[in-house]
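Asker: Protein chains in written order, with our numbering: chain R, 117 to 460; chain G, 43 to 340.
1) Would you check if there are 3 or more beta carbon pairs closer than 8 Å linking the region 348-364 of chain R to the region 428-438 of chain R?
2) So which of G:148, G:118, G:130 and G:287 has the shortest CA-CA distance to residue 102 (chain G)?
3) Per DSSP, which one or two residues make a beta bridge with residue 427 (chain R)?
4) Which ranges does the alpha helix (DSSP H) cover as unbroken runs of at least 4 residues, wholly within the region 157-223 of chain R, from first to last along the chain?
5) Using the Cα positions of residue 45 (chain G) and residue 87 (chain G), report the straight-line distance between them to the nearest angstrom.
6) So for residue 148 (chain G), helix, strand or coil by DSSP?
7) Helix, strand or coil for residue 353 (chain R)? Go by DSSP, reduced to three states.
8) Looking only at its own chain, which residues have a Cβ that is under 6 Å from the Cβ of residue 119 (chain R), when we skip the five neighbours before and after it?
9) Considering only residues of the region 215-295 of chain R, which uninterrupted alpha helix (DSSP H) runs meet the minimum length of 4 residues and lie entirely inside it, listed in chain order?
10) Can you pull the DSSP bridge partners for residue 130 (chain G)?
11) My guess is that residue 494 (chain R) and residue 427 (chain R) are in contact by the Cβ rule of under 8 Å, so how many angstroms apart are they, rounded?
12) Going by other Cβ atoms of all chains shown within 10 Å of its Cβ, with 16 needed for buried, is residue 214 (chain G) buried or exposed?
13) Pick helix, strand or coil for residue 440 (chain R), following the three-state DSSP scheme.
14) For the beta strand (DSSP E) containing residue 432 (chain R), list its first residue and its last residue.
15) Taking any Cβ of chain R, which residues in the region 218-241 of chain G have a Cβ under 9 Å from it, in chain order?
16) Assign residue 328 (chain R) to buried or exposed, taking buried as 16 or more other Cβ atoms, counted over all protein chains shown, within 10 Å of its Cβ.
17) For the candidate residues G:148, G:149 and G:120, whose alpha-carbon lies nearest to that of residue 135 (chain G)?
18) Could you check how far apart the C-beta atoms of residue 134 (chain R) and residue 192 (chain R) are, in whole angstroms? I think they sit under 8 Å.
19) Could you give the C-beta distance for residue 272 (chain G) and residue 321 (chain G), rounded to a whole number, given that I count them as a contact under 8 Å?
20) Which of the three DSSP states, helix, strand or coil, is assigned to residue 396 (chain R)?
21) Where are the alpha helix (DSSP H) runs, 4 residues long or more, that stay fully inside the region 272-320 of chain G, in chain order?
22) On the CB-based measure, 16 or more other CB atoms within 10 Å of its CB, does residue 222 (chain G) come out buried or exposed?
23) Is there contact between the region 135-155 of chain R and the region 264-274 of chain R, where contact requires at least three CB pairs shorter than 8 Å?
24) Can you give the Cα-Cα distance for residue 277 (chain G) and residue 118 (chain G), rounded to whole angstroms?
25) Under DSSP, the beta strand (DSSP E) around residue 300 (chain R) begins and ends at which residues?
26) Rounded to a whole number of angstroms, what is the C-alpha to C-alpha distance between residue 286 (chain G) and residue 207 (chain G)?
27) Using beta-carbon positions only, say whether residue 74 (chain G) and residue 182 (chain R) come within less than 7 Å of one another.
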């Protein structure tokens, strides 16, 4: 099914096939990612949405080959620019990290080393991946910091991170991720630690970078509003599996998976009547400690039948570029939320 | 009015300069507030200077004998009197500082050089490396340091260099435990993961990214280890197992003087005072450093 929906004939930049990641704990095994497949082309922004613990961040760390122990990629392939990252020797993978794949961390406040200046961070990365040193490195740092909108970059870069505001630190992290002109940018909830006003600025910056550098970008978030405004395609994850994947417009116009529909209903709307109670999906996401049969969402799903509890639905294409894993897809056009409306 | 304004501007610029500085300036500011630590630090540094420049300061050599003047009281010729062989006590105390400091700092440094890399490896890599290191810690903690050093001295003999070596190889456990704990706590910090994601090699992460954050407690431990080692080394010399004649050492001087207590109090009292002052000042300076480098520890 992955063959058809790529849309374009050219090679994808990133092709993840049937990825499985599990954590072997003392008494049980947590199956964090179970059969994730996704494709990303240059110039495309892919949103990965899901609740906490749905395997979004672990998927991103898997692409970087940085799954923390005792986690392990047990199966699947991660093809990036023609290389299977799982089979690359550690030294080549190290050069890809920060060089070919840039990562914007979740928490900019703690992701810069407090004992190094901003310039130290850039100097290190620039000399490691592109061999820039001395004045060249300084000039490039100033240019990068200016490009992400940090005022007076030449002075600011000599400061220690605690002297910068949260938004400025995230801008610096973005500049750092972009320093070596990567082909893939992974942003793991880049705005969760920031104010709403700063969030919008950071996401605008993210859009500009993707548009100007023709790179592929993965934006991990739990905020459907962000997906609506800043992504081209979406992957909806639940309990380590892909529930639905589609173009953003398609997903918001015609969500086919009951889980996606539930998520969309949960988005608070300004146009709604005041008395309206916030919608919520009943229950909690499961602890994935066994590879249970059946759809992981079945216990919380209003459409679930016996079949859902015993047989795992495969990810199947229902329209061009729109796949879901569900036995009872939502067929009636839902139109729960307009993308523009989801944006607040 | 303008004078006041100028003063305010001066104060303000001084204040901004202070706040723009990093961790170490803040630590120095906190250290200065602690007067006991400040005075102790100054005395400790003076003791170190005396030890380094002993030949320039001491009026006599530590070995010069004047048997006609044995056990003499303080005089203009011998400011603090002489010992049983007529050797100048002041000179011996000054040279004694040299030996004691050399042993204390040398042994502690050796312990740090052995213990810190082992502790870093255990804390950083975890797993089997950590398991083996922890078992090694346990084995070495089981045998008391003094007994271990005693055994080594009994087997291979005493002397300054051997004392440094034996006390050093038995002092590594403390540094190892500390370094392990630091790296264990720091290894999953966001900035370490971010550095990994930027493709920084492990060796560089361990040294450039993590070491500065782990350094504070290690410096404090180092300074706090010095008085303990002064004491242990003096103990060995007192037992006649450490520094050998004619070399001066505070512990050995107490041993020498103890037999002549009824004739001259000074012979034993002077080295005791030296040891007391040295251990106290290094301890207070160490405590001050701890409070300055880690204000949350109090």
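C-beta: ideal position from N, C-alpha, C; glycine also.
Answerer: So, from the listed chains and residues:
1) For the pair of segments examined, the region 348-364 of chain R was found to touch the region 428-438 of chain R: the number of CB pairs separated by less than 8 Å reaches three.
2) The shortest Cα separation from residue 102 (chain G) among G:148, G:118, G:130 and G:287 belongs to G:130.
3) Residue pairing of residue 427 (chain R) in beta bridges, as defined by DSSP: absent, with no partner found.
4) 172-179 and 206-212, all fully within the region 157-223 of chain R.
5) Cα-Cα distance, rounded: 40 Å.
6) Secondary structure of residue 148 (chain G) (DSSP, three-state): helix.
7) DSSP, reduced to helix, strand and coil, places residue 353 (chain R) within a strand of the structure shown.
8) Residue confidence is low: residue 119 (chain R) scores 37 on pLDDT, short of 50, so the model does not pin down where it sits. No coordinate-derived value is stated.
9) Runs found: 224-227, 234-245, 250-263, 269-272 and 282-294.
10) Looking at the DSSP assignment, residue 130 (chain G) forms a beta bridge with G:124.
11) Because residue 494 (chain R) is not part of the residues shown, which for chain R are 117 to 460, the question remains open.
12) Residue 214 (chain G) should be labelled buried.
13) Here residue 440 (chain R) sits in strand by DSSP.
14) Boundaries of the beta strand (DSSP E) around residue 432 (chain R): 432-435.
15) For the region 218-241 of chain G, which is checked against every Cβ of chain R, the residues closer than 9 Å are 230, 231, 232, 233, 234, 235, 236, 237, 238, 239, 240 and 241.
16) Burial call: exposed.
17) It is G:120.
18) The C-beta distance from residue 134 (chain R) to residue 192 (chain R) rounds to 4 Å, short enough to fall under 8 Å.
19) Distance from residue 272 (chain G) to residue 321 (chain G) at the Cβ level is roughly 6 Å; contact confirmed, criterion being Cβ atoms closer than 8 Å.
20) Residue 396 (chain R) falls in the coil class under three-state DSSP.
21) If we require 4 residues or more, the alpha helix (DSSP H) runs fully inside the region 272-320 of chain G come out as 292-300.
22) The residue is buried, with at least 16 neighbouring Cβ atoms inside 10 Å.
23) Contact fails: fewer than three Cβ-Cβ distances are below 8 Å.
24) Answer to the nearest angstrom: the Cα atoms are 32 Å apart.
25) For residue 300 (chain R), the enclosing beta strand (DSSP E) covers residues 300-304.
26) For residue 286 (chain G) and residue 207 (chain G), the distance between alpha carbons rounds to 16 Å.
27) Going by C-beta atoms, residue 74 (chain G) is not nearer than 7 Å to residue 182 (chain R).
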